[in-house]
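Worksheet for the structure shown next.
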Amino acid sequence: MTSRTKLLLLIGSAKLQGSTSESLGGFLRDRLQEQGFEPETLFLHTALKSEEHKARMLRSVRHSELVIMAFPLYVDTLPALLIRAMEDVADCFKGETASQNPRLVCIVNCGFPESKQNDTALAICRQFTLETGFEWAGGLQLGAGEAISGRPLSAVKGLARNVIKSLQLTAEALVAGRPVPQKAKDLMARPLVPKWMYSVFGERRWRQDAKRHGALHHLDDRPYEPE
Amino acid sequence: MKALILNGAKTRDIEVDRFQEVLLEELKGLQWDADAVRLRELTVTHCVGCFECWIKTPGICRFKDAGPWIAQSFIQSDLAVFVTPVTFGGYSSELKKALDRAICLISPHFIKINGEVHHQARYQRYPRLLVFGLREHPCGESDAIFRKLVGRNALNLHAPAHHAALVQSSLDRNGFQQRIQASLNTLEGSP
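In order, the protein sequences belong to chains S and C.
Position one of the first sequence corresponds to residue 1 (the working numbering), numbered consecutively onward.
Position one of the second sequence corresponds to residue 228 (the working numbering), numbered consecutively onward.
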């Protein structure tokens, strides 16, 4: 590359620290930085907290050639914060020609073992590019994101080997100006753990967390049951 | 029979507000005990993904804004109606903000439905779900995404019946009434 390509990573998780979205997006960002991209990372919970912050985010989007949105699946689609950011970006880019707009890559992870539960969220991201003139560079979807639980992928090791390979292939493609390759999509979509194991360990974790808060025997409470 | 309308319009979405007003009148005319909420007029903090509503105070969100009232009103209704501008094939951020806070209405326990893992119902009964998406013109891809999203929501919110209706925002009052009637009839005929 002759000039440094500006890259913006938008983290759509509302968690203040230790989000799986940050683990995934950060890994891809770092691989691209190694290849000469100039990265900036924004957390949407901060980027939208005031009009001033929002203006800064919009400036960053405008000056980027590649935008990566990494986010968790919330109620079958994107978290409200991310939708709000996309509404603002769409307003900002209204009426502009496509050549001025960046490429968009999305990485979504969900708390269900089946990665295909993210389908609708990625379809919405793609639709966003069609309506705004961004270039759709593709999306990656991961199931059982809780198994990574916000740890750096290097610390997850064997469990994340397909995820790591997927992001490496994605980085190579993006550097070459290509969209996310199918092989990378397939690797990311592979189950991190068997479905039965995820359910068993997930259930155990909810119970342990509830016990820690003294709420184990209230897990099934119905506080809004009509009288 | 109680109906709750959640209106996800932003201030500029005048046609969505106009549709919601016609919808409220129609439901009242059909003897529903109906309420409509313009979500932009309430303070609803975005969900922070802490899961305290599952593991610390099961069924209740930690934020004491309008979120808990919306969740309570939703679960105590017989019919929940979402009204939203179609936004990239999905819901507006205003509607989604309220919906994200509704996970307190389901349980952390897992259950398999049609071979997929989902969360179990917390309550014994859930409202039927009717969702109106307003947009200027029909758009095949966007409309298909919207319908699929409503179907997924119905599954995860354990709605006993659901219907997604896409409405052209430029229709007049009579046009809105016809779309509302047709949608209510379709929902009525659902299993």
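Every residue, glycine too, gets a C-beta built ideally from N, C-alpha and C.
Contact with chain S is absent for I241(C), since none of that chain's Cβ atoms lies less than 8 Å from the residue's Cβ.
Listed in chain order, the alpha helix (DSSP H) elements of length 4 or more contained wholly in the stretch 3 to 83 of chain S are 20 to 34, 44 to 47 and 51 to 62.
Contact check for G133(S) against E96(S) passes: the beta carbons are separated by less than 8 Å. For the set I282(C), F246(C), F403(C) and V249(C), the Cα lying nearest the Cα of D220(S) is the one of I282(C). Taking every protein chain shown into account, the CB of K183(S) has fewer than 16 other CB atoms within 10 angstroms, so this residue is exposed. For the pair of segments examined, the stretch 165 to 174 of chain S was found to touch the stretch 20 to 35 of chain S: the number of CB pairs separated by less than 8 Å reaches three. Interface annotation, S417(C): not in contact with chain S, CB-CB separation never under 8 Å.
By the C-beta density criterion, G177(S) is exposed, having fewer than 16 other C-beta atoms within 10 angstroms. Rounded to the nearest whole angstrom, the CA to CA distance from K185(S) to V249(C) is 45 Å.
In the pairwise beta carbon analysis, the stretch 336 to 351 of chain C is classified as not touching the stretch 292 to 300 of chain C: fewer than three pairs are separated by under 8 Å. When secondary structure is reduced to three states using DSSP, E279(C) falls in the helix class. When CB distances to chain S are screened at a threshold of 9 Å, the residues of the stretch 306 to 321 of chain C falling below it are T314, F315, G316, G317, Y318, S319, S320 and E321, in chain order.
Among the residues of chain C, none has a CB under 8 Å from the CB of L10(S); the nearest is roughly 15 Å distant. Per DSSP, I124(S) lies in no beta strand (DSSP E); the unbroken alpha helix (DSSP H) holding it starts and ends at D119 to T132. For H217(S), the three-state secondary structure derived from DSSP is helix.
In this structure, the CA atom of S64(S) is about 33 Å from the CA atom of P191(S). Of all C-beta pairs linking the stretch 100 to 114 of chain S to the stretch 363 to 376 of chain C, fewer than three are shorter than 8 Å, placing the two stretches out of contact.
V308(C) and L384(C) do not touch by the CB rule: their CB atoms are close to 13 Å apart, not below 8 Å. Listed as beta-bridge partners of V108(S) by DSSP are F71(S) and Q141(S).
Taking a Cβ-Cβ cut-off of 8 Å, the neighbours of A298(C) in chain S comprise Y224, given in sequence order. Pairing E203(S) with A144(S), the inter-Cα distance amounts to about 13 Å. Counting C-beta atoms within 10 angstroms of its own C-beta, T314(C) has 16 or more neighbours from the protein chains shown and is therefore classed as buried.
Between the alpha carbons of A55(S) and L73(S) lies a gap of roughly 26 Å. According to the DSSP assignment, V264(C) belongs to the beta strand (DSSP E) that extends over D260 to R265. Neighbourhood of R267(C) in chain S, by CB distance below 7 Å: empty, with the nearest CB roughly 12 Å away. Shown here for P181(S): same chain residues with a beta carbon closer than 7 Å to its own, the five before and five after excluded, namely L169 and A173 in chain order. Among the residues of the stretch 128 to 157 of chain S, those with a Cβ less than 8 Å away from any Cβ of chain C are F128, L130 and E131, in the order of the chain. Comparing alpha-carbon positions, the option among R355(C), Q395(C), R362(C) and S397(C) lying closest to V377(C) turns out to be R355(C).
Rounded to whole angstroms, the Cβ separation of T120(S) and I372(C) is 6 Å, and the two are in contact under 8 Å. One alpha carbon belongs to N412(C), the other to L266(C), and they sit about 26 Å apart. Listed by position along chain C, the residues whose Cβ is nearer than 7 Å to that of G202(S) are F337. Measuring C-alpha to C-alpha distances from Q299(C) to each of R406(C), R374(C), L233(C) and S410(C) identifies L233(C) as the nearest.
Two segments are said to touch when three or more pairs of C-beta atoms, one from each, lie closer than 8 Å; by this definition the stretch 79 to 93 of chain S touches the stretch 44 to 59 of chain S. Annotation for E343(C): no alpha helix (DSSP H) segment contains it, though the beta strand (DSSP E) segment containing it runs E343 to A348.
One thing to note: P102(S) has its Cβ within 8 Å of the Cβ of V67(S). For L356(C), the uninterrupted beta strand (DSSP E) segment begins and ends at R355 to R362.
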